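Top to bottom, those sequences are chains W and R. All residue numbers for the first sequence refer to this note's numbering, where the first residue is 1 and numbers rise by one. All residue numbers for the second sequence refer to this note's numbering, where the first residue is 1 and numbers rise by one. A virtual CB, placed ideally from N, CA and C, is assigned to each residue, including glycine. These numbers were taken from a predicted model, which means no experiment stands behind them.
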Amino acid sequence: MDDEMIVRLYWDRNETAISESSKKYGAYCTAIADHILLNRSDTEECVNDTWLHAWNAMPPHMPSVLSVFLGKITRNLAFDRFRKLRREKRGGSSFDVVLDELAECVSGSDDTERRWEEKELIDEINRFLSHLPKEQRYMFLLRYWYADPVSDIAERFQTSANNVSVTLSRVRQRLKRHLIERGFDV
Amino acid sequence: MKKEELFEALEDVNANDVRKAKEYKRHKTPVWVKWTAVAACAALLVGAIVGIPALGKRNRKQTEGSVKTVSAAYPAPVAVNLSAQDFVESDEHWNWWNAYRTKVKASEDLQNGIDGYYAAIMREVLPAEEENTVCSPINIYIAFAMLAEVSDGNTRQQVLDMLGAPDIDTLRSNVSALWEGNYADTPVFKSLLANSLWLNAKYQYNDETLARLSEQYYASSFLGTPGSPEMDEALQEWTDKHTGGLLHEYVKEMKLDPATVLEIVSTIYYKAQWTELFLPGNTTQEVFHGTTGDTTADMMHRTDTLGVYRTDTFTSVGLNLFDSGSMYFFLPKEGVDVNALAADPELLAATKYSEDNEKWSSPLVRLSVPKFKASSRTDLLEIIRSLGLTDALDPALADFTPLTTDRDDLYLSAAEHAATVEIDEQGVTGAAYTALAVAEGASEPDEEIDFVLDRPFLFLITGRDDSVLFSGIIRNID
Numbered sequence: 001m002d003d004e005m006i007v008r009l010y011w012d013r014n015e016t017a018i019s020e021s022s023k024k025y026g027a028y029c030t031a032i033a034d035h036i037l038l039n040r041s042d043t044e045e046c047v048n049d050t051w052l053h054a055w056n057a058m059p060p061h062m063p064s065v066l067s068v069f070l071g072k073i074t075r076n077l078a079f080d081r082f083r084k085l086r087r088e089k090r091g092g093s094s095f096d097v098v099l100d101e102l103a104e105c106v107s108g109s110d111d112t113e114r115r116w117e118e119k120e121l122i123d124e125i126n127r128f129l130s131h132l133p134k135e136q137r138y139m140f141l142l143r144y145w146y147a148d149p150v151s152d153i154a155e156r157f158q159t160s161a162n163n164v165s166v167t168l169s170r171v172r173q174r175l176k177r178h179l180i181e182r183g184f185d186v
Numbered sequence: 001m002k003k004e005e006l007f008e009a010l011e012d013v014n015a016n017d018v019r020k021a022k023e024y025k026r027h028k029t030p031v032w033v034k035w036t037a038v039a040a041c042a043a044l045l046v047g048a049i050v051g052i053p054a055l056g057k058r059n060r061k062q063t064e065g066s067v068k069t070v071s072a073a074y075p076a077p078v079a080v081n082l083s084a085q086d087f088v089e090s091d092e093h094w095n096w097w098n099a100y101r102t103k104v105k106a107s108e109d110l111q112n113g114i115d116g117y118y119a120a121i122m123r124e125v126l127p128a129e130e131e132n133t134v135c136s137p138i139n140i141y142i143a144f145a146m147l148a149e150v151s152d153g154n155t156r157q158q159v160l161d162m163l164g165a166p167d168i169d170t171l172r173s174n175v176s177a178l179w180e181g182n183y184a185d186t187p188v189f190k191s192l193l194a195n196s197l198w199l200n201a202k203y204q205y206n207d208e209t210l211a212r213l214s215e216q217y218y219a220s221s222f223l224g225t226p227g228s229p230e231m232d233e234a235l236q237e238w239t240d241k242h243t244g245g246l247l248h249e250y251v252k253e254m255k256l257d258p259a260t261v262l263e264i265v266s267t268i269y270y271k272a273q274w275t276e277l278f279l280p281g282n283t284t285q286e287v288f289h290g291t292t293g294d295t296t297a298d299m300m301h302r303t304d305t306l307g308v309y310r311t312d313t314f315t316s317v318g319l320n321l322f323d324s325g326s327m328y329f330f331l332p333k334e335g336v337d338v339n340a341l342a343a344d345p346e347l348l349a350a351t352k353y354s355e356d357n358e359k360w361s362s363p364l365v366r367l368s369v370p371k372f373k374a375s376s377r378t379d380l381l382e383i384i385r386s387l388g389l390t391d392a393l394d395p396a397l398a399d400f401t402p403l404t405t406d407r408d409d410l411y412l413s414a415a416e417h418a419a420t421v422e423i424d425e426q427g428v429t430g431a432a433y434t435a436l437a438v439a440e441g442a443s444e445p446d447e448e449i450d451f452v453l454d455r456p457f458l459f460l461i462t463g464r465d466d467s468v469l470f471s472g473i474i475r476n477i478d
C-alpha cells in the first residue's frame, strides 16, 4: 500500500492504518529501536508504541515522508527508554559509542544561557549536511539518525569499517568547526 | 551542549535525506566479466624423510603400485549456477556474506597472537638482492601446524614456538578459525585452502594422527610408493589443481624422494576483485626504476580518498578487495632500503586502522600502481632453523612418534615454499565503466598526495580477518 493511502487511513480513523504501517515499516522501526536499546522486549514495546503515537499524531499531521515520520517517533521513544534504563542501571552499550562519537561535536557542558534556538541549530546542521558529498551525508545520517553499527554501514558502502570510521570522524570534526565558526557555542 | 541533546536535535534534520540514506546502497560493482584483480597462490611442501639416504636408493626398485587416495571433503562452492554479477545482486550473496562475517569475527580475535609469527616469517623470507620475492605467511603457518601434529616433545614445542602458539590445543583452534575465516568459494571471490598427505605404503601410520589431519585440516591422503612415476604424477596433479595451475613452472619439478615417509603439501588459491576498479583506459606505460635498472611498466592510475599510514621509513596505502580484505602497498622513504621494510616493526600496524594513531590520515591520493606478476620459490630449511626450529632437522633429536613408530630416525628433510601474485585492473571492460567514476567522498580533501609505485616496494594482502595471506617485495618489473 502506498504511503498516501496509509496516511489517509489514519485520517479516516481506520484501524487498518496500524496493521498496514506495521506491515510496511515494522522492520524499519524495529531496526532503529534495536540499535538504541539492544533488547528485544524493549524494542518490541517501542515499536508498538510507535503506532499508537502515530494514531494520535495523525491528524493533525500529514507527513510527507511517512517512513521517517514513523522512524522519528520510534527513535524518540527508544531514546527516552534508553535514558530511563541507563538511570536505572545499565550502560556501556554499543549505542553509548554512538553518543560518545557525537560528544566530539559538542562541549558537553550544560548551557545556562543559550544564545540560539534549536531551530536555528537544525537549520545550520541541515546546511552543513547539504554541502557534504552525498555518501558522507548518508554515512552521517545512518550512524547518528539510525544509530546503525559501523559494520552495517561499511557493507552498504562496500567498503571497510576503517574507512567508515575515518570518514565519520572527519565529518564530526568538520561539523564542530562549522558550528563554532557560525557562532554556535555548542 | 550535551551529546544526548545533539542526538535528539538531529531528529529534525531533512527527512528526505534521512529516507534516502536508508535506501542508498553503493553500486560500484559493474559488469563482472573478467573479475580477477588479484590472483595469487602458494604451495608449501614439507617432507619428513628417513635419515639414511642410501636406504632410499636401494628400495627404489620396489613394487610401484597405484596410489591409494582418500579425498578430504571441502566446503561446497556457493551459487555455482550464478554469474558473478547475478550473484552480487542476489539474496544468496547476502546470506553467504552474513554467514561469512560470523566466521571472520572468530578469526579476527586471534590475529594479534599470530602477528609475531607473521613479522618473523616476512623478515626472513622477503629480503633479497635483485629478484622479486613472494610468500604466503598463512600457507606456511598451516603447513607447519600439520607438522606440529605429527611431531612430539621438543620437536613439537619448537614448531609451536615458531607459530606463536602456547600449546597444541591453541594451535588447533587457531587453525580451525583461520580456515573458517579464510575459506571462500563464491562466483566473485575465491580463497581456497587445501592440504594433502603423501604416505609411503611400506610403513604403518598412527591412525589417530591421520584421522585428525583429515578431519581438522581437511587433508586428503595419498598412499603409494614414493619415487614412483605414478605418485609424482599424482602429486603434481593435485598441487596444480589446488593452485589453479598458476605455479606450474615449479610444480612440474615436484618429486617425492623414495625415502619419503611423509610429505605434507599445503596450498592456497586466491582470487579477488578491487572494490573500486582501475579504469583500463587510464593505464599508461611508465618507467619503473628497478634494482637492475629502468624498465617500462603498465602503470594503473586511480585518484581517491584513501587511508594512508606514514612513518619515518615508509608510506603505505591500502586498497579494498571485494568481500575480502585489502592489499597494502608500502613505498620506502627515499634512502630507505626496501629490504629494511620486511623487518619494519610498524608493517602490520599499517594494516590495522586505529583512530588514536596520528600516523593515519585520509588525503586525496593520486595512486599509480604497476601491473605485475611475481613468483618465487624459497627453500625454508635455513629460514626455519634461524627461527628456532632445529630439533626437527636433526635425525638424532627429531621426534615424529605421533606419525609412525616404525622408525626412530625420521627428520625434516625438505621444506620448500612457492608463491605467486598477479595484479591488474581486470574486471573492467572499457565502456561499461564510464559510469563508475571516482567516489564522491573524494571532494573537499584536507590534503592531496601522490603515491607512485615506480621503484621497489613491498606489499601485503590480508584476509577479511587481517590474516596475512601473501606478502612480497617487487624490485623489478620485466
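Return the CA-CA distance between residue i and residue j, expressed in angstroms with no decimal places.
| i | j | result |
| --- | --- | --- |
| F187(W) | I384(R) | As displayed, chain W neither begins before 1 nor continues past 186, which places residue 187(W) out of reach and without an answer. |
| T313(R) | G307(R) | 17 Å |
| R19(R) | Y25(W) | 12 Å |
| A76(R) | D185(R) | 8 Å |
| A148(R) | T69(R) | 23 Å |
| S19(W) | P187(R) | 40 Å |
| T74(W) | E425(R) | 46 Å |
| D406(R) | Q204(R) | 7 Å |
| A392(R) | D408(R) | 12 Å |
| R212(R) | L66(W) | 58 Å |
| L223(R) | A414(R) | 19 Å |
| L381(R) | D115(R) | 21 Å |
| A147(W) | N112(R) | 29 Å |
| D17(R) | D123(W) | 14 Å |
| V287(R) | D167(R) | 50 Å |
| N476(R) | A349(R) | 26 Å |
| D450(R) | F330(R) | 13 Å |
| M122(R) | G281(R) | 35 Å |
| S326(R) | L168(W) | 20 Å |
| S21(W) | K271(R) | 45 Å |
| Y485(R) | Y118(R) | It is not possible to answer for residue 485(R), since the shown part of chain R is limited to 1 through 478. |
| P30(R) | A84(R) | In this predicted model, P30(R) has a pLDDT of only 47, less than 50, meaning its place in the structure is not dependable; the value taken from the coordinates is given anyway. If you take the alpha carbons of P30(R) and A84(R), they lie about 10 Å apart. |
Mind checking who residue i pairs with in its DSSP beta bridge?
| i | result |
| --- | --- |
| T305(R) | L364(R) |
| T284(R) | M299(R) |
| N200(R) | G224(R) |
| R310(R) | T315(R) |
| Y328(R) | G318(R) and L460(R) |
| F470(R) | I461(R) |
| F372(R) | I423(R) |
Just to check my reading of the structure: residue i and residue j have Cβ atoms closer than 8 Å, yes? What is that Cβ distance to the nearest angstrom?
| i | j | result |
| --- | --- | --- |
| I474(R) | F372(R) | 6 Å |
| K255(R) | D232(R) | 5 Å |
| L460(R) | Y328(R) | 5 Å |
| T311(R) | E130(R) | Contact doesn't hold; Cβ gap of about 26 Å is too wide. |
| D304(R) | V369(R) | At roughly 12 Å, the Cβ-Cβ gap does not stay under 8 Å, so D304(R) and V369(R) are not in contact. |
| V261(R) | T404(R) | 7 Å |
| L163(R) | S467(R) | Actually they are not in contact, since the Cβ atoms of L163(R) and S467(R) sit about 13 Å apart, beyond 8 Å. |
| S362(R) | V166(W) | 5 Å |
Could you name the residues of the same chain whose beta carbon sits closer than 7 Å to that of residue i, not counting the 5 residues immediately before and after it, in chain order?
| i | result |
| --- | --- |
| S93(W) | L38 |
| T239(R) | A43, V251, M254, V265 and T267 |
| V125(R) | T133, C135, T378 and I383 |
| F87(R) | A79, H93, T186, P187 and V188 |
| D161(R) | G388 |
Can you list, in chain order, the residues of its chain with a C-beta nearer than 6 Å to that of residue i? Leave out the 5 residues immediately preceding and following it.
| i | result |
| --- | --- |
| K210(R) | It should be pointed out that residue 210(R) corresponds to Leu in this sequence rather than to Lys. Contacts found: none. |
| T284(R) | M299 |
| E440(R) | With a pLDDT of only 31 at E440(R), under the threshold of 50, the placement of this residue in the model should not be trusted; the figure read from the coordinates follows. Counting only Cβ-Cβ distances below 6 Å, and skipping sequence neighbours, we find nothing. |
| S375(R) | T420 |
| A194(R) | H242 and T267 |
| D3(W) | L66 |
Given residue i, which residues of its chain have a CB within under 8 Å of its CB, disregarding the five upstream and five downstream residues?
| i | result |
| --- | --- |
| S479(R) | Only positions 1 to 478 of chain R appear in this structure, which leaves residue 479(R) out of reach. |
| L77(W) | A33, C46, D49, T50 and H53 |
Output, in sequence order along the chain, the residues in the stretch 8–31 of chain W whose CB is closer than 8 Å to any CB in chain R.
Y28
What residues in the stretch 156–174 of chain W have a beta carbon less than 7 Å from any beta carbon of chain R?
R156, F157, Q158, T159, S160, N162, N163, S165, V166, T167, S169 and R170
Looking at chain R, which residues of the stretch 134–146 of chain W have a Cβ within less than 9 Å of any of its Cβ atoms?
Of all residues in the stretch 134–146 of chain W, the ones placed with a Cβ closer than 9 Å to any Cβ belonging to chain R are K134, E135, Q136, R137, Y138, M139, F140, L141, L142, Y144, W145 and Y146, in chain order.
Can you give me, in chain order, the residues of the stretch 3–23 of chain R that have a beta carbon less than 8 Å from any beta carbon in chain W?
K3, E4, E5, L6, F7, E8, A9, L10, E11, D12, V13, N14, A15, N16, D17, V18, R19, K20, A21 and K22
Below 8 Å between beta carbons is the criterion; list the residues of the stretch 141–168 of chain R that meet it against any residue of chain W, in chain order.
none
Residues of the stretch 93–107 of chain W in Cβ contact with chain R at a cutoff of 8 Å, in chain order, please.
V98, L99, D100, L102, A103, C105, V106 and S107
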